[in-house]
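Using our numbering, you'd call the opening residue of the sequence shown number 331 and step up by one each time.
Notes to accompany the following structure.
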Amino acid sequence: MKYALFLGCMIPLRLPNLEYATRNVLAEFGVELVDMREATCCPDPIGIRNMDYLTWLAIAARNLAVADEMGLDILTLCNGCYETLKTAYVTLTEDAEMREKINEILAKANREFKGKAKVKHLLEVFYHDIGLQKIREMVKRPLEGLKVAAHYGCHILRPSEILKFDDPENPRKLDELVEALGATPQQYEMKTLCCGAGLRNVMSEYSIRMAREKLVRVKEAGADCMVVACPFCFIQYDMGQFEIRRLTKERFDIPVFYFSELLGYAIGLSPRELGLGMHRVKVDRVLKKIR
Numbered sequence: 331m332k333y334a335l336f337l338g339c340m341i342p343l344r345l346p347n348l349e350y351a352t353r354n355v356l357a358e359f360g361v362e363l364v365d366m367r368e369a370t371c372c373p374d375p376i377g378i379r380n381m382d383y384l385t386w387l388a389i390a391a392r393n394l395a396v397a398d399e400m401g402l403d404i405l406t407l408c409n410g411c412y413e414t415l416k417t418a419y420v421t422l423t424e425d426a427e428m429r430e431k432i433n434e435i436l437a438k439a440n441r442e443f444k445g446k447a448k449v450k451h452l453l454e455v456f457y458h459d460i461g462l463q464k465i466r467e468m469v470k471r472p473l474e475g476l477k478v479a480a481h482y483g484c485h486i487l488r489p490s491e492i493l494k495f496d497d498p499e500n501p502r503k504l505d506e507l508v509e510a511l512g513a514t515p516q517q518y519e520m521k522t523l524c525c526g527a528g529l530r531n532v533m534s535e536y537s538i539r540m541a542r543e544k545l546v547r548v549k550e551a552g553a554d555c556m557v558v559a560c561p562f563c564f565i566q567y568d569m570g571q572f573e574i575r576r577l578t579k580e581r582f583d584i585p586v587f588y589f590s591e592l593l594g595y596a597i598g599l600s601p602r603e604l605g606l607g608m609h610r611v612k613v614d615r616v617l618k619k620i621r
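Listed below in structure tokens is the structure:
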């Protein structure tokens with residue numbers, strides 16, 4: 331398996347440990363990653379799209395064109411990048427008039443969208459391309475007894491008619507991946523609630539309130555930790571716990587894992603190989619429980 335790796339903005343700038351962990355984990359499964367050195371921001375599926383749709387689509391199409399030239403499908407580690415790139419891909423493959431308009435723009439940069447490179451989220455690669463059975467076979471350190479609350483995030487589920495990743499009302503794939511590691515998916519109220527990260531720069535109070543609401547439900551359900559599939563969601567729940575503590579004096583101490591970190595530990599990689607020391611909410615308690 332070989333993919334064009336689209337890192338986006340958030341991971342290189344703020345969470346390089348998630349890239350480090352994911353590269354190490356995928357290498358264990360024989361997956362080859364080729365860097366998209368000419369890629370740009372995806373761009374953001376909310377702000378830029380709402381300000382100038384044509385510019386948003388053209389920038390996304392340019393990234394898709396880079397992957398076309400590489401002859402590889404795109405692998406993205408971020409929900410927002412996934413929504414932008416896949417939405418652009420579906421739009422341009424289904425709308426010939428828009429495709430012609432966008433390719434006129436791309437021609438100025440000697441690029442062309444051909445629609446050969448598909449867009450895949452990291453969870454899709456683990457769930458469909460690698461498969462649950464292969465993951466089970468690779469587990470050396472079963473996460474037995476660990477109760478894990480899965481947070482999917484908005485941009486991997488909706489718009490469901492385009493992304494088609496999972497049931498947006500009752501998603502199961504991340505839970506099944508957690509089960510493949512030997513852990514127990516912990517069900518909790520408001521499971522599909524947005525993390526609130528999209529409001530950080532415009533309505534920070536509401537953003538923190540939404541994160542707190544989810545953390546309250548996770549704690550009430552008795553989960554040992556959370557697992558996410560998006561770097562922005564990771565920041566919202568990991569660093570966000572300190573912001574909540576500063577504002578409300580509440581302390582949750584719920585460790586948050588990006589999925590490849592949890593998978594990496596289950597298949598025998600060390601905390602150092604997974605960059606687990608970079609978490610704001612320390613994960614030691616969870617690792618001790620697994621041992």
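Note that the Cβ used here is the ideal one computed from N, Cα and C, for glycine as well.
Please go through the same chain and pick out, in chain order, the residues whose beta-carbon is closer than 7 Å to the beta-carbon of residue 549, but skip the five residues on each side of it. Here residue 549 refers to the residue found at position 219 when the sequence shown is read from its first residue. Answer for residue 549: 582, 584, listed in chain order.
Do the CB positions of residue 474 and residue 513 come within less than 9 Å of each other? In the sequence shown, residue 474 corresponds to position 144, counting from 1. In the sequence shown, residue 513 corresponds to position 183, counting from 1. Yes. Within cutoff.
Contact belief for residue 393 with residue 456 at Cβ below 8 Å, rounded distance in angstroms: By 1-based counting over the sequence shown, the position of residue 393 is 63. By 1-based counting over the sequence shown, the position of residue 456 is 126. So it is not a contact: roughly 22 Å between Cβ atoms.
Does DSSP classify residue 426 as helix, strand or coil? Working through the sequence shown from its first residue, we reach residue 426 at position 96. Residue 426 falls in the helix class under three-state DSSP.
Please report how far the alpha carbon of residue 485 lies from the alpha carbon of residue 492, in whole angstroms. Mapped onto the sequence shown, residue 485 falls at position 155. Mapped onto the sequence shown, residue 492 falls at position 162. The alpha-carbon atoms of residue 485 and residue 492 are separated by roughly 11 Å.
The beta strand (DSSP E) that contains residue 404, what's its start and end? Counted from its first residue, the sequence shown places residue 404 at position 74. Residues 404-406.
Please report the distance separating the alpha-carbon of residue 526 from that of residue 353. As a working mapping, residue 526 is identified with position 196 in the sequence shown. As a working mapping, residue 353 is identified with position 23 in the sequence shown. Whole-angstrom Cα-Cα distance: 28 Å.
So does the segment 549-565 actually touch the segment 504-520, counting three or more Cβ pairs closer than 8 Å? yes
Starting from residue 556, trace the beta strand (DSSP E) both ways and give me its first and last residue. The count along the sequence shown starts at 1 and reaches residue 556 at position 226. Where residue 556 is concerned, the enclosing beta strand (DSSP E) stretches over 555-558.
CB residue 542 to CB residue 580, shorter than 9 Å? As a first step, residue 542 must be located in the sequence shown, where it is residue number 212. As a first step, residue 580 must be located in the sequence shown, where it is residue number 250. Yes, the Cβ-Cβ distance between residue 542 and residue 580 is below 9 Å.
Cβ-Cβ distance between residue 422 and residue 591 below 9 Å: In the sequence shown, residue 422 corresponds to position 92, counting from 1. In the sequence shown, residue 591 corresponds to position 261, counting from 1. No. Outside cutoff.
DSSP three-state label for residue 494, please. Sequence index remark: in the sequence shown, residue 494 carries index 164 (1-based). Coil.
Ends of the alpha helix (DSSP H) at residue 364? Your numbering for residue 364 matches position 34 in the sequence shown. That residue, residue 364, is in no alpha helix (DSSP H); its beta strand (DSSP E) goes 362-365.
From the DSSP output, read off the bridge partner residues of residue 451. Here the question's residue 451 lines up with position 121 in the sequence shown. Per DSSP, 406.
Proximity to residue 618 [Cα-Cα], best of 437, 415, 595, 488: Indexing the sequence shown from 1 puts residue 618 at position 288. Nearest of 437, 415, 595, 488 to residue 618, Cα basis: 595.
Once you ignore the five residues that flank residue 483 on each side, which residues in its own chain have a CB closer than 7 Å to its CB? As a working note, residue 483 is residue 153 in the sequence shown. Answer for residue 483: 409, 525, 558, 559, 560, 563, listed in chain order.
Contacts around residue 574, its chain only, beta-carbon distance under 8 Å, and the 5 residues preceding and following it disregarded: Along the sequence shown, read from residue 1 onward, the residue named residue 574 stands at position 244. Apart from sequence neighbours up to five positions away, the residues of its chain that approach residue 574 with a beta-carbon distance below 8 Å are 538, 541, 542, 545, 580, 582, ordered along the chain.
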